[in-house]
Amino acid sequence: MTPSSPSSILLIGVAGGSGSGKTTFARMLQAHLGEDFCTTLAQDSYYRDLSEQFDRDGGKVNFDHPDAIEFSLLARHLKDLKEGRSIDVPRYDFASHKRLLEVTYFDPRPVVIVDGILINTQEEVRTALDFSFFIDAGEEVRFQRRMYRDVRERGRTPEGVKSQLLNHVKPMHDLFVEPSKKFANRIISGEKSFGPIIEEVVYGIREGAPLEQWSRP
Numbered sequence: 075m076t077p078s079s080p081s082s083i084l085l086i087g088v089a090g091g092s093g094s095g096k097t098t099f100a101r102m103l104q105a106h107l108g109e110d111f112c113t114t115l116a117q118d119s120y121y122r123d124l125s126e127q128f129d130r131d132g133g134k135v136n137f138d139h140p141d142a143i144e145f146s147l148l149a150r151h152l153k154d155l156k157e158g159r160s161i162d163v164p165r166y167d168f169a170s171h172k173r174l175l176e177v178t179y180f181d182p183r184p185v186v187i188v189d190g191i192l193i194n195t196q197e198e199v200r201t202a203l204d205f206s207f208f209i210d211a212g213e214e215v216r217f218q219r220r221m222y223r224d225v226r227e228r229g230r231t232p233e234g235v236k237s238q239l240l241n242h243v244k245p246m247h248d249l250f251v252e253p254s255k256k257f258a259n260r261i262i263s264g265e266k267s268f269g270p271i272i273e274e275v276v277y278g279i280r281e282g283a284p285l286e287q288w289s290r291p
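For reference, each letter of the sequence shown is one residue, going 75 to 291 in the working numbering.
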């Protein structure tokens, strides 16, 4: 399949636990396909404004529960993209946990990657996807990566991140993320090189291979 018209736009979901490597996989796939041909839409852009609940160290707000995300808007945007229409993506400030007034203009490409830990938990979102990957990684690996990211990139303290991991991230992963793995078309290890799989998928897209071919283990 080589999408070139609105009706053939390919929506690819990349799910998995926080720190599993899903964003790395999505970025690699986009880079190999080229930015003119492929773009990425992040679930995290659709966080609701949680600034009034945020205590600056992450202990009070459960950011890993599906209710924290405006999935109805994401699903509507996926429908628009599938039909070839541009969308206005919300902008979210992770330091203050505010949804900003500004939006990001998002133009569809032949391939749109949808990246997010909870996208397979929502029927209205997962049914909009043409194919979905689940990036699987062990708990310790995921926690170490999450700690590094939140402290380095989001201004969090190690203590606050640890509290959030134990009180919210792990319980929500076990309750929502892990069970949603069954909805993925293909499960990939987030602890091994993505290179061979990326090459396979890129080749399949360029050559018009059936989506079912990607489902092999």
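In this text, a Cβ means the ideal position worked out from N, Cα and C, and glycines have one as well.
Close CB contacts of residue 117 within its chain, under the 8 Å cut and outside five residues either way in sequence, are with 143, 148, 188, 189, 190, 191, 192 and 193 (chain order).
By the neighbour-count criterion, in which a residue is buried when 16 or more other Cβ atoms sit within 10 angstroms of its Cβ, residue 256 is exposed. Where residue 180 is concerned, the enclosing beta strand (DSSP E) starts and stops at 172-180. For residue 213, the closest alpha carbon among the candidates 237, 206, 243 and 136 is that of 243. A distance of 8 Å or more separates the beta carbons of residue 137 and residue 228. A Cβ-Cβ contact shorter than 8 Å links residue 95 with residue 211. Runs of alpha helix (DSSP H) with 4 or more residues, each lying fully within the region 244-288, are found at 269-281, listed in chain order.
Rounded to the nearest whole angstrom, the C-alpha separation of residue 114 and residue 249 is 26 Å. No Cβ-Cβ contact shorter than 8 Å links residue 195 with residue 245. With 16 or more other Cβ atoms inside 10 Å of its own Cβ, residue 156 counts as buried.
It is roughly 33 Å from the alpha-carbon of residue 178 to the alpha-carbon of residue 284. Under the Cβ criterion (8 Å, minimum of three pairs), the region 84-100 counts as touching the region 254-270.
Closest in alpha carbon position to residue 90, among 240, 253 and 280, is 253. Shown here for residue 162: same chain residues with a beta carbon closer than 6 Å to its own, the five before and five after excluded, namely 177 in chain order.
Annotation for residue 235: the continuous alpha helix (DSSP H) segment containing it runs 232-238. Residue range 112-116 is occupied by the beta strand (DSSP E) that includes residue 114.
For residue 82, there is no enclosing beta strand (DSSP E), as DSSP marks it with neither H nor E. Following the DSSP letters along the chain, one finds residue 207 inside the beta strand (DSSP E) bounded by residues 205-210.
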